[in-house]
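Engineer: Protein chains in written order, with this note's numbering: chain Y, 1 to 415; chain P, 1 to 415.
Before anything else, here's the structure in question.
Protein chains: 2
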Amino acid sequence: MSKLIGNAIFGQSGGPTSVINASAAGVFTEALKQTGVIEKVYGAANGIVGILNEKFYDIGQEDPAELELLKTTPSSALGSCRYKLAKPEVDDTDYKRILEVFKKYNIRYFFYNGGNDSMDTCNKISKFIAKSGYECRVIGVPKTIDNDLFGTDHCPGFASAAKYIATTIMEVYLDARVYDSGMVTVIEIMGRNAGWLTAASVLAAHKGQGPDLIYLPEIDFDLDKMMADVKKVYDKEKKVIVAVSEGVKTSDGQYIPELVGEVSVDAFGHKQMGGTAPVLANYIKEKLGCKVRGIELSLMQRCAAHLASKQDVEESFLSGQTAVRIAIDGMTDYMVGFQRPETGDYKCEIKLIPLNDVANTEKIVPREWINAEGNFVNEKFVEYALPLIQGESKIAIEDGLPRFAKLKKVLVPKV
Amino acid sequence: MSKLIGNAIFGQSGGPTSVINASAAGVFTEALKQTGVIEKVYGAANGIVGILNEKFYDIGQEDPAELELLKTTPSSALGSCRYKLAKPEVDDTDYKRILEVFKKYNIRYFFYNGGNDSMDTCNKISKFIAKSGYECRVIGVPKTIDNDLFGTDHCPGFASAAKYIATTIMEVYLDARVYDSGMVTVIEIMGRNAGWLTAASVLAAHKGQGPDLIYLPEIDFDLDKMMADVKKVYDKEKKVIVAVSEGVKTSDGQYIPELVGEVSVDAFGHKQMGGTAPVLANYIKEKLGCKVRGIELSLMQRCAAHLASKQDVEESFLSGQTAVRIAIDGMTDYMVGFQRPETGDYKCEIKLIPLNDVANTEKIVPREWINAEGNFVNEKFVEYALPLIQGESKIAIEDGLPRFAKLKKVLVPKV
């Protein structure tokens with residue numbers, strides 16, 4: 001196959017993770033090596049929005065040491081977006097514009113890093129460009145703490161969030177046992193539709209210092225059943241830790257804050273919906289009459305690079321690196337995915353998944369990994385997740401604090 | 001001086017920290033070495049409550065490797081309490097009981113680990129025992145993330161919480177900048193009366209990735225002034241990070257949730273007071289009309305052993321070790337404190353402070369370390385705090401997760 005010579009662009013999309021920039025480092029360092037094939041390496045500012053606006057950075061001008069630091073720098077270094085493209089058959093304005101920009105800047109390689117929505121975007125762009133006859137290779141690089149991308153064993157970003165969640169719960173478990181008195185701790189974990197992250201709390205339980213009850217969005221939530229579960233543990237142990245997904249809802253679609261009916265009224269008289277953890281904590285407190293603390297792991301679970309899984313950092317880097325290599329080899333219209341050997345020790349193997357297959361299919365926690373009662377996760381999940389959180393990422397430290405990458409972000413002059 | 005031969009007891013009191021067990025490790029390992037002087041080493045279950053109830057553990061039966069792991073295990077391994085002794089002149093029942101227990105178990109060394117209230121307890125017991133004529137050496141071992149103990153340069157536990165706060169804010173700072181749209185992030189930090197921990201957020205700003213505004217309880221809070229501060233930063237930067245102490249209040253004593261008037265009504269119709277972060281976040285959202293996220297660092301800031309300061313771990317251990325050594329040398333009625341050289345590089349030096357001087361005096365952040373406007377902390381605080389957060393504590397890892405100490409907790413048979 002003849003070499004496709006031209007420029008490459010990489011963009012980050014959707015919510016960030018602790019290791020999203022490790023994929024960026026993989027793409028950038030590999031692309032910069034491809035002299036004679038890839039001429040310029042660009043980073044799109046705020047994903048697809050930066051392409052539409054012709055706002056991208058010249059990565060070749062970055063200090064290689066800073067690109068190396070991207071491996072351990074959380075959050076999207078280039079900026080992200082949640083911009084949703086219309087279906088091309090309804091409105092193809094954006095697609096035409098993207099094609100125009102790609103032609104103008106001779107972009108022949110497009111790497112897009114994100115979750116479900118971003119892979120959908122990537123797929124649509126890939127198809128539109130292919131149909132236009134302009135040669136440009138399009139590869140999706142997976143990224144999502146939610147771990148809900150179809151076709152891949154797991155997603156870069158998930159393991160580091162899982163490691164943060166399990167470690168933090170182990171620490172909170174000890175803290176919550178300090179006093180002799182009864183106490184319930186409710187820990188709210190991200191994941192609107194898929195319970196992978198909440199399920200990761202079981203890794204702490206596997207070490208004997210974890211939650212007593214785990215509620216995933218995969219199971220219809222029943223408030224009375226949950227109260228009975230909590231009471232049962234409380235009566236026996238006087239200490240209860242509940243891990244609950246922000247996304248749990250009843251069979252008729254009510255989320256916890258709606259269900260418990262807690263609505264706060266602010267200084268303007270406007271109603272505010274509370275978060276799952278505080279609302280559920282208040283509810284349990286009223287019912288049990290004991291001390292209850294609600295904890296939201298909030299942004300920390302997706303940005304705690306200091307506690308990232310080394311395995312995850314390396315795999316994220318690998319996914320970016322692989323995207324460049326396969327594109328150079330002539331492949332297009334794929335997402336880089338992972339698989340593990342069917343038997344034996346865990347090993348991360350690359351698996352290419354057609355973008356068509358990935359787009360808009362959400363992978364949820366299998367029912368058989370959740371106990372019959374629907375309030376805990378079993379050993380199958382532990383076997384799955386444990387290999388992914390191995391190893392401690394060593395972040396660069398300066399003066400006792402993280403030294404994160406500082407990019408120059410030199411803008412590419414508009415043509 | 002003739003040797004005082006007998007048994008030693010150590011208790012933990014008040015809220016736990018990431019490194020409180022490092023002090024326990026210091027006391028235990030040092031006391032166990034003192035053969036011929038200290039015969040038995042006991043750990044009181046739940047502090048003074050365990051002494052009153054004759055519930056203590058025989059530390060000599062613990063595996064030395066597990067005692068070593070205490071250095072990196074967060075929370076109170078022996079359990080803690082918030083039991084407040086009456087003034088002995090009002091009711092000396094508890095004191096008589098403690099003296100009785102000490103005599104019964106031949107306890108000649110009493111080490112008590114805690115903050116302000118615990119040092120007060122320690123002081124009262126010390127004075128009562130001295131007056132009784134029973135020879136028992138009493139030494140306080142400091143501990144508090146709040147850093148508000150009088151007479152010592154700083155307190156074990158503070159630096160690790162400070163390191164957690166600064167690191168986490170640096171990570172959140174990057175996360176909060178991912179999208180192109182405006183956003184305010186409100187981060188609530190512990191410290192009811194003293195703003196040391198909230199001030200530690202400035203360490204992140206010192207690295208260029210920290211809060212724009214810092215509100216300490218040392219300064220009377222003014223909601224309108226804060227809104228003007230936030231608006232000013234928002235109009236310029238579109239991104240604002242606010243670090244706020246849970247303890248900030250107006251000149252007439254109103255805390256933020258009272259002030260903003262946000263009261264939530266739960267399913268039972270009962271009013272619930274919101275936390276500072278969500279309440280303030282809602283308020284700012286209404287006023288500015290942009291996205292606002294409230295984050296509570298909750299228990300994590302005091303139990304994140306995985307992110308402890310090595311300096312703090314070592315100093316905490318040293319404080320426990322020193323307590324035993326000076327007691328053996330004949331000293332009593334002191335708290336082990338720290339000082340640093342007046343000039344030159346930071347070095348942790350031991351300073352003994354009479355318990356009388358420590359008890360019930362709260363140390364707050366000096367006014368001259370806070371800017372004139374009262375909405376930020378200056379370089380003097382950075383100079384003070386930076387040496388304390390140096391070094392990364394290496395926690396033991398097993399299977400990618402922390403391996404915390406597991407004590408056997410063999411109960412001493414009641415006499």
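Here a beta-carbon is modelled for each residue, glycine too, at the ideal position from N, C-alpha and C.
Only a predicted model underlies this, so the values are computations on that prediction, with no experimental measurement involved.
What does Y/Leu386 touch in chain P if you count any residue whose Cβ is under 8 Å from its own?
Structural biologist: Asp399 and Gly400
Engineer: Can you pull the chain P residues whose beta carbon is under 8 Å from the beta carbon of Y/Ser309, in chain order?
Structural biologist: Gly400
Engineer: With 8 Å as the limit, tell me which residues of the stretch 168-181 of chain P have their beta carbon closer than that to any beta carbon of chain Y; keep them in chain order.
Structural biologist: Thr168, Met170, Glu171, Val172, Leu174, Asp175, Ala176, Arg177, Val178, Tyr179 and Asp180
Engineer: With 8 Å as the threshold, decide whether the Cβ of P/Ala161 is near any Cβ in chain Y.
Structural biologist: No, P/Ala161 does not count as interfacial toward chain Y.
Engineer: Can you name the residues of chain P whose CB is closer than 8 Å to the CB of Y/Gln209?
Structural biologist: Phe404
Engineer: For P/Ile284 and P/Ile169, I'd like the C-alpha separation in whole angstroms.
Structural biologist: 19 Å
Engineer: Please classify Y/Pro366: is it buried, with 16 or more other beta-carbons within 10 angstroms of its beta-carbon, or exposed?
Structural biologist: exposed
Engineer: To the nearest angstrom, how far is the alpha carbon of P/Phe111 from that of Y/Glu237?
Structural biologist: 30 Å
Engineer: I need the DSSP call for Y/Asp120, collapsed to helix, strand or coil.
Structural biologist: helix
Engineer: Which residues bound the alpha helix (DSSP H) around P/Ile241?
Structural biologist: Element bounds for P/Ile241: not the alpha helix (DSSP H) but the beta strand (DSSP E), Lys239 to Ser245.
Engineer: Do Y/Val248 and Y/Ile256 count as a contact pair if the criterion is CB distance below 8 Å?
Structural biologist: yes
Engineer: Can you look up Y/Val184 in the DSSP assignment and give me helix, strand or coil?
Structural biologist: Secondary structure of Y/Val184 (DSSP, three-state): strand.
Engineer: Taking 8 Å as the CB-CB cut-off, is Y/Asn46 touching chain P?
Structural biologist: yes
Engineer: Mind checking if Y/Gly79 is an interface residue toward chain P, Cβ cutoff 8 Å exclusive?
Structural biologist: The C-beta of Y/Gly79 comes closer than 8 Å to at least one C-beta of chain P.
Engineer: Note the first and the last residue of the continuous alpha helix (DSSP H) segment covering Y/Pro420.
Structural biologist: No information on residue 420 of chain Y is available, as it lies outside the stretch 1 to 415 that chain Y covers here.
Engineer: So which residues on chain P does Y/Pro16 lean against when the C-beta distance must stay under 9 Å?
Structural biologist: Leu174, Asp175 and Val178
Engineer: Does DSSP put P/Gly43 in a helix, in a strand, or in coil?
Structural biologist: strand
Engineer: Would you mind telling me which residues of chain P sit closer than 7 Å to Y/Pro74, beta carbon to beta carbon, in chain order?
Structural biologist: Glu171, Leu174 and Asp175
Engineer: Which word fits P/Asp180, buried or exposed, when buried means at least 16 other C-beta atoms lie within 10 angstroms of its C-beta?
Structural biologist: buried
Engineer: For Y/Leu203 and chain P, any beta-carbon pair shorter than 8 Å?
Structural biologist: A Cβ of chain P is located within less than 8 Å of the beta carbon of Y/Leu203.
Engineer: Do the stretch 189-208 of chain P and the stretch 330-344 of chain P make contact, defined as three or more Cβ pairs closer than 8 Å?
Structural biologist: no
Engineer: Which ranges would you report for the beta strand (DSSP E) in the stretch 147-213 of chain Y if only whole runs of at least 3 residues count?
Structural biologist: 183-189
Engineer: Between the beta-carbon of P/Ala277 and the beta-carbon of P/Glu296, is there less than 8 Å?
Structural biologist: yes
Engineer: Does the distance from the C-beta atom of P/Pro418 to that of P/Tyr346 stay below 8 Å?
Structural biologist: Coverage of chain P is limited to positions 1 through 415, which leaves residue 418 of chain P absent and any answer about it impossible.
Engineer: Is the beta carbon of P/Ser76 sitting closer than 8 Å to the one on P/Ile125?
Structural biologist: If you check the CB distance, P/Ser76 and P/Ile125 do not come in under 8 Å.
Engineer: What is the DSSP secondary structure of P/Lys231, reduced to helix, strand or coil?
Structural biologist: helix
Engineer: Using a Cβ cut-off of 8 Å, pull out every chain Y residue sitting near P/Gly391, in sequence order please.
Structural biologist: Gly400
Engineer: Rounded to the nearest angstrom, what separates Y/Val410 and Y/Gly344 at their Cα positions?
Structural biologist: 47 Å
Engineer: Starting from the N-terminal side, write out each stretch of the alpha helix (DSSP H) that is 4 residues or longer and does not extend beyond the stretch 317-381 of chain P.
Structural biologist: 355-358
Engineer: Could you tell me the boundaries of the beta strand (DSSP E) in which Y/Asn113 lies?
Structural biologist: That run of the beta strand (DSSP E) goes Ile107 to Gly114.
Engineer: Using 8 Å as the Cβ pair cut-off and three pairs as the minimum, do the stretch 143-155 of chain Y and the stretch 43-60 of chain P touch?
Structural biologist: no
Engineer: Applying the criterion that 16 or more other CB atoms from any shown protein chain within 10 Å of the CB defines a buried residue, is Y/Pro64 buried or exposed?
Structural biologist: Y/Pro64 should be labelled exposed.
Engineer: Indicate whether P/Thr121 and P/Leu85 have their beta-carbon atoms separated by less than 8 Å.
Structural biologist: yes
Engineer: With 8 Å as the limit, tell me which residues of the stretch 282-307 of chain P have their beta carbon closer than that to any beta carbon of chain Y; keep them in chain order.
Structural biologist: Result list: Asn282, Tyr283, Glu286, Arg293, Ile295, Glu296, Ser298, Leu299, Met300, Arg302, Cys303, Ala304, Ala305, His306 and Leu307.
Engineer: Have a look at P/Gly115, P/Thr35 and P/Asp252 and flag the residue whose alpha-carbon is nearest the alpha-carbon of P/Asn360.
Structural biologist: P/Gly115
Engineer: Can you check whether the C-beta of Y/Pro278 is within less than 8 Å of a C-beta belonging to chain P?
Structural biologist: Closer than 8 Å to some Cβ of chain P, the Cβ of Y/Pro278 qualifies, so yes.
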